[in-house]
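For what it's worth, our numbering labels the leading residue of the sequence shown as 1, then goes sequentially. Backbone N, C-alpha and C fix where the C-beta goes; we use that ideal spot for every residue, glycine too. Since the structure comes first, as structure tokens, the remarks are kept for the end.
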Amino acid sequence: MDKAVLSIEPNARTEVMARIKKAEQEHNVKVLYAIESGSRSWGFASPNSDYDVRFIYVHPKDWYLSVMLEDKRDVIEYPITDEIDINGWDLRKALKLLKASNPAIGEWLNSPIVYINEDKFKTQAQALFARYYRTERGLYHYINMAKSNYRGYLKQEKVPLKKYLYVLRALCAAKWIEKYDSPPPIEFSVLVNSVIEDTQLLLELNALVAKKQQATEKSLAPKIIMLNTFIESELSYFEDNIRKSNSHEQDTHHLDAFFRNWLENAFI
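Next up, the structure:
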């Protein structure tokens, strides 16, 4: 499977950057990192796919010096407008989720489409994620994602194309974690080429991606027996073979130092 060329149209990128700037001004925050998530970063977007923009931001230091800090809102969300879905997490929230090996944070940090990356934020945060990474969290997340989408959408005669790819991407991510004991890459083509060896299966996956890239988000297609057989086999395997976690960091001083550094320097 050829690696997809992942890019954002200049007009869309300009609009995304304008909305990020607006969020900074409206909420008095500094956006440290902003990326594209979802199908555009995975490499199988449809012509009418949304832009799924996610960002991590920080407030001025005094915002955090509050008795009622835990009651303060730690997300910024906007309704989807003109196919742009944009929301973000406060840095403190993001770091707590990072410590818990939250797969969403891992995917954000591995996104190949980056809008903002303040002072090497991505590289530093990736190193932290690797330090705290827990294999079983990723495995359970991706296997459950594959299982729920497969049982919910792929047993009919006509199935949603995007759900096929959601299931297959999740299974390939689980296979990557099992093979490399590390967070999986985002691009579907990289995942597939790394963990699938069956030539005929690769051809079917290529054809499915090509079809999805030409179809609308809600397009249906006949189920593909080879893919369903592969999915059922992998789900059965993982249900019997999820192994225990690798060792992982418990101390938070690395997270604390990272957090304090951005509090001191984000608004300089």
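Through-space distance from T216 to E118, alpha-carbon basis
35 Å
CB E36 to CB Y57, shorter than 8 Å?
no
What does the alpha-carbon distance come out to for the pair F188 and F44?
The alpha-carbon atoms of F188 and F44 are separated by roughly 8 Å.
Distance CB(V192)-CB(L202) smaller than 8 Å:
In this structure, L202 lies closer than 8 Å to V192 by Cβ.
Mark R54 as exposed unless 16 or more other C-beta atoms lie within 10 angstroms of its C-beta, in which case mark it buried.
buried
Run the CB neighbour count on E234, radius 10 Å, all protein chains shown included, and call it buried at 16 or more, exposed below.
buried
Using a Cβ-Cβ cut-off of 8 Å (strictly less than) and excluding sequence neighbours within five positions of Y64, which residues of its own chain qualify?
R92, L263
Measure from the alpha carbon of N110 to the alpha carbon of each residue in R73, A125, K147, L205, then state which is nearest.
The residue with the shortest Cα to Cα distance from N110 is A125.
Of all the alpha helix (DSSP H) runs that stay within the bounds of the segment 60-111, which reach a length of 4 or more residues?
61-64, 91-99, 103-110
Rounded to the nearest angstrom, what separates V5 and R13 at their Cα positions?
Confidence in V5 is poor, its pLDDT being 43 and thus under 50, which makes the residue's placement unreliable; the coordinate value appears in the next sentence. Roughly 16 Å between the two C-alpha positions.
Bridge partners of I35, per DSSP?
R54, V114
Distance, Cα to Cα, V159 vs V167?
12 Å
Over the uninterrupted beta strand (DSSP E) stretch that includes L220, give me the two end residues.
220-222
Are the CB atoms of E157 and P103 within a distance shorter than 8 Å?
no
Quick test of the definition: if touching needs 3 or more C-beta pairs under 8 Å, does the segment 79-91 touch the segment 23-43?
Output reads yes: the segment 23-43 touches the segment 79-91.
What first and last residue would you give for the beta strand (DSSP E) that runs through V273?
In the structure as shown, the chain begins at 1 and stops at 268. Residue 273 is therefore absent and cannot be evaluated.
Provide the residue(s) that pair with K269 in DSSP beta bridges, ordered along the chain.
Since the first residue of the chain shown is 1 and the last is 268, residue 269 is not available in this structure.
With a 10 Å radius around its C-beta and 16 neighbouring C-beta atoms as the bar for buried, classify L95 as buried or exposed.
buried
Can you tell me which of Y150, E15, R260, K155 puts its alpha carbon nearest to the alpha carbon of D82?
E15
May I ask you to report which of helix, strand or coil DSSP gives L205?
Of the three classes helix, strand and coil, the one that applies to L205 here is helix, per DSSP.
Apart from the five residues on each side of it in sequence, which residues of its chain come closer than 7 Å, Cβ to Cβ, to S7?
none
Within 10 angstroms of the Cβ of S46, are there 16 or more other Cβ atoms? Answer buried if so, exposed if not.
buried
Measuring straight from C-alpha to C-alpha, what distance separates P10 and E26?
24 Å
Between S41 and V190, what straight-line distance do the alpha-carbon atoms span, to the nearest angstrom?
Going from the Cα of S41 to the Cα of V190 covers about 12 Å.
Taking P79 as the reference, give the member of A266, R19, D256, L128 with the closest Cα.
Comparing Cα positions, the closest option is R19.
Under the three-state DSSP convention, the category I20 falls into:
helix
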